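Student: For reference, each letter of the sequence shown is one residue, going 1 to 340 in the numbering used here. Using N, Cα and C, we set each Cβ at its ideal position, and we do this for glycine too. Quantities reported herein were computed from a predicted structural model and do not represent experimental measurements.
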Amino acid sequence: MPTGIKDLRITQIGLETTKGAAVAQTNRLVSLAEFNPNEMAYEPQPQIGVMMENPTSDILPKRWTDIDWKGEATYEQLLYLMEMSAKGGVTPTGAMADKTWAYPFTVSADPALKTFTICRRMTDGTINWEEQCAFVFANSYTISAAIGGTVMFDAKLIGRPVDITPTMTGAIAVPSVNFIASADVKIYIDDTFAALGTNALAESAVDWQLSVDPQYQPKFFQDGRADRSFTNYGLKRLTYNLKLNAEANAKVMDKTTGERNRASTRAFRYVRIKATGAVLGGSFYSLQIDGIFRYKEGQFDQKGEREGNDLVPLELIGAYDLSNTTPLKVSITNALSALP
Numbered sequence: 001m002p003t004g005i006k007d008l009r010i011t012q013i014g015l016e017t018t019k020g021a022a023v024a025q026t027n028r029l030v031s032l033a034e035f036n037p038n039e040m041a042y043e044p045q046p047q048i049g050v051m052m053e054n055p056t057s058d059i060l061p062k063r064w065t066d067i068d069w070k071g072e073a074t075y076e077q078l079l080y081l082m083e084m085s086a087k088g089g090v091t092p093t094g095a096m097a098d099k100t101w102a103y104p105f106t107v108s109a110d111p112a113l114k115t116f117t118i119c120r121r122m123t124d125g126t127i128n129w130e131e132q133c134a135f136v137f138a139n140s141y142t143i144s145a146a147i148g149g150t151v152m153f154d155a156k157l158i159g160r161p162v163d164i165t166p167t168m169t170g171a172i173a174v175p176s177v178n179f180i181a182s183a184d185v186k187i188y189i190d191d192t193f194a195a196l197g198t199n200a201l202a203e204s205a206v207d208w209q210l211s212v213d214p215q216y217q218p219k220f221f222q223d224g225r226a227d228r229s230f231t232n233y234g235l236k237r238l239t240y241n242l243k244l245n246a247e248a249n250a251k252v253m254d255k256t257t258g259e260r261n262r263a264s265t266r267a268f269r270y271v272r273i274k275a276t277g278a279v280l281g282g283s284f285y286s287l288q289i290d291g292i293f294r295y296k297e298g299q300f301d302q303k304g305e306r307e308g309n310d311l312v313p314l315e316l317i318g319a320y321d322l323s324n325t326t327p328l329k330v331s332i333t334n335a336l337s338a339l340p
């Protein structure tokens, strides 16, 4: 009997007009999502005169789905991750072919994030199995890159229970996308927000990983929902951190002007991660991540080596600067004038 084939899987996505109301998909993702249902059965233990565990029927008291969505990042499809984690309903700016999507993370109000319906198809090449989840939003994710590859993302999403009865929206073509090469990335660490983007870790940074826990969480209530899933969302604090490996040089190790000094003095670190791609309109395809950080610890030191040079792990945690009340923001420039 034929079995499912990974290379033939299809994942599609649609923006929900009303949170939790499933919609037809409008775009195909160039990455894969895997559904992990959480439907733990509860086993009552009535005393009915038999020596046996679980002597009667069970119930499913709480149901939701964890979704693993990961792949190689593109300038186009990172928009979905930003809409469900940073700010919803963004309208891009730009009069020419280049359109810039700005996503400031709001920490003083509801960021009005968007939710999505995600549908996927598994197949053995002949028979298809289709399923979907509604009310999908980001629970946590990482964006990362290492030398010799592309920028990657790994998102942990959450949604309502898996629906195994849908029909996948047909005739959605594979979209044109632009992948983000790690070689196009520069990392800057500066002393002030105004100077952000001037002090590059040139000939130092090797790899990096930004981790983000956004502000939405599922809220369950005793309200008689037929699917026994979460009714709505609630807010929680934004958490983010950055880990990177850098070769030891003066910018990292100098005792008065280097990052070691800034760690021990507990100074704010204003970090920019910027990828610049091909020419587009009056500018370029680009991904820019700006954040306010402090070093997690008061000191760091060499750990290991790379091609004969000392390697230093840097770990920073998100920080709040009263004079710059948007601690994290992402800007993406692509050719899209609307979310597909």
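Kindly indicate the opening and closing residues of the alpha helix (DSSP H) around TYR354.
Tutor: Here the chain covers residues 1 to 340 and nothing more, so residue 354 does not appear.
Student: Can you tell me where the beta strand (DSSP E) holding MET122 begins and where it ends?
Tutor: Start and end: 116-123.
Student: In whole angstroms, give me the CA-to-CA distance for PRO218 and LEU79.
Tutor: Taking the straight line joining both Cα atoms gives about 22 Å.
Student: Given this structure, state the Cα-to-Cα distance separating SER176 from LYS255, to the nearest angstrom.
Tutor: Spanning the two alpha carbons is a distance of roughly 48 Å.
Student: Rounding to the nearest angstrom, what Cα-Cα distance links ILE67 and ARG262 in this structure?
Tutor: C-alpha separation (whole angstroms): 38 Å.
Student: Between GLY148, ARG120, ARG160, which lies nearest to PHE137 when the distance is taken from Cα to Cα?
Tutor: For PHE137, the nearest C-alpha among the options comes from ARG160.
Student: With distances taken Cα to Cα, identify the nearest neighbour of ASP184 among ILE147, ARG294, ALA250.
Tutor: The candidate whose alpha carbon is nearest that of ASP184 is ILE147.
Student: Spatial neighbours of LEU210 within its chain, please: CB distance less than 6 Å, with the 5 preceding and 5 following residues excluded, ordered by chain position.
Tutor: Contacts found: ILE143, LEU242.
Student: What whole-angstrom Cβ distance do LEU316 and TYR295 have, given they're in contact under 8 Å?
Tutor: So it is a contact: roughly 6 Å between Cβ atoms.
Student: What is the DSSP secondary structure of LEU60, counted as helix, strand or coil?
Tutor: It is coil, neither helix nor strand.
Student: Can you name the residues that DSSP bridges to PHE153?
Tutor: GLY71, ILE143, per the DSSP bridge assignment.
Student: Using a Cβ-Cβ cutoff of less than 8 Å, which residues in the same chain neighbour THR325 once the five nearest sequence positions on both sides are dropped?
Tutor: Cβ neighbours of THR325 beyond the five flanking positions: VAL107, SER108.
Student: Taking only three categories from DSSP, how would you classify SER211?
Tutor: Strand, per DSSP.
Student: Look at ILE187 and ILE273 and say whether their C-beta atoms are less than 8 Å apart.
Tutor: Yes, the pair counts as a contact, with Cβ atoms nearer than the cut-off.
Student: Would a C-beta distance cut-off of 8 Å place VAL151 and ALA278 closer than the cut-off?
Tutor: Not closer than 8 Å, so no.
Student: Which same chain residues, not among the five before or five after LEU32, have their C-beta less than 7 Å away from its C-beta?
Tutor: So the list reads ARG9, THR11, GLY71, once near-sequence residues are dropped.
Student: Spell out a yes or no on whether the region 327-336 and the region 289-303 are touching, meaning 3 or more CB-CB pairs, one atom from each, closer than 8 Å.
Tutor: Yes: the two stretches touch, three or more of their Cβ pairs being nearer than 8 Å.
Student: Flag this pair as yes or no: are the beta carbons of LEU15 and LEU339 separated by less than 8 Å?
Tutor: Yes, the Cβ-Cβ distance between LEU15 and LEU339 is below 8 Å.
Student: Would you check if the region 15-26 and the region 164-174 touch, i.e. whether three or more CB-CB distances between them fall below 8 Å?
Tutor: Counting Cβ pairs under 8 Å, three or more are found: they touch.
Student: Once the 5 residues before and after GLN288 are set aside, which same chain residues still bring their CB inside 6 Å of it?
Tutor: Cβ within range, chain order: LYS274, SER331.
Student: Do the region 239-253 and the region 195-214 meet, that is, are 3 or more Cβ pairs less than 8 Å apart?
Tutor: They touch, by the three-pair rule.
Student: Residues in the same chain with beta-carbon distance under 6 Å from ASN128, minus the five sequence neighbours each way, listed in chain order, please.
Tutor: Counting only Cβ-Cβ distances below 6 Å, and skipping sequence neighbours, we find ARG121.
Student: Which same chain residues, not among the five before or five after SER140, have their C-beta less than 6 Å away from its C-beta?
Tutor: The residues are LYS156, ASP213.
Student: With DSSP as the reference, identify every bridge partner of GLU16, one or two as the case may be.
Tutor: BP columns for GLU16 are empty, so no partner.
Student: Can you tell me whether DSSP reads SER264 as helix, strand or coil?
Tutor: Helix, per DSSP.
Student: Could you check which residue in TYR320, MET253, GLU53 has the C-alpha nearest to that of THR239?
Tutor: With distances taken between Cα atoms, THR239 lies closest to TYR320.
Student: Give me, in chain order, the residues of the same chain whose beta-carbon lies closer than 8 Å to that of VAL252; leave out the 5 immediate sequence neighbours on both sides.
Tutor: Answer for VAL252: LEU201, SER204, ALA246, GLY258, GLU259, ARG260, VAL312, LEU314, listed in chain order.
Student: What did DSSP end up calling ALA97 once you bin it into helix, strand or coil?
Tutor: Note: ALA97 maps to coil in three-state DSSP.
Student: Kindly indicate which residue of ASN27, VAL50, TRP64, VAL206 has the alpha-carbon position closest to the one of GLU39.
Tutor: The candidate whose alpha carbon is nearest that of GLU39 is TRP64.
Student: Using a Cβ-Cβ cutoff of less than 7 Å, which residues in the same chain neighbour ASN199 once the five nearest sequence positions on both sides are dropped?
Tutor: Cβ neighbours of ASN199 beyond the five flanking positions: TYR188, ILE189, ASP190.
Student: Taking the alpha carbon of THR192 as the reference point, which residue from LEU60, ASP154, VAL271 has its own alpha carbon closest?
Tutor: Ranking the options by Cα distance to THR192, first place goes to VAL271.
Student: Can you check which of these residues, ALA134, PRO44, THR117, is closest to ARG28 by C-alpha distance?
Tutor: Residue THR117 is the option with its Cα nearest to ARG28.
Student: Take GLU307 as the anchor and find which of LYS87, PRO44, VAL206 has the nearest alpha-carbon.
Tutor: The shortest Cα separation from GLU307 among LYS87, PRO44, VAL206 belongs to VAL206.
Student: Quick one: which unbroken beta strand (DSSP E) runs of 3-plus residues sit fully inside the region 227-299? Chain order, please.
Tutor: Counting only runs of 3 or more, we get 232-235, 239-247, 269-280, 283-295.
Student: So, with DSSP's three-state summary, where would you put SER182?
Tutor: Looking at SER182 - three-state DSSP - the assignment turns out to be helix.
Student: Would the region 215-230 and the region 52-64 be scored as touching if the rule is three or more Cβ pairs under 8 Å?
Tutor: At 8 Å Cβ cutoff, the stretches touch.
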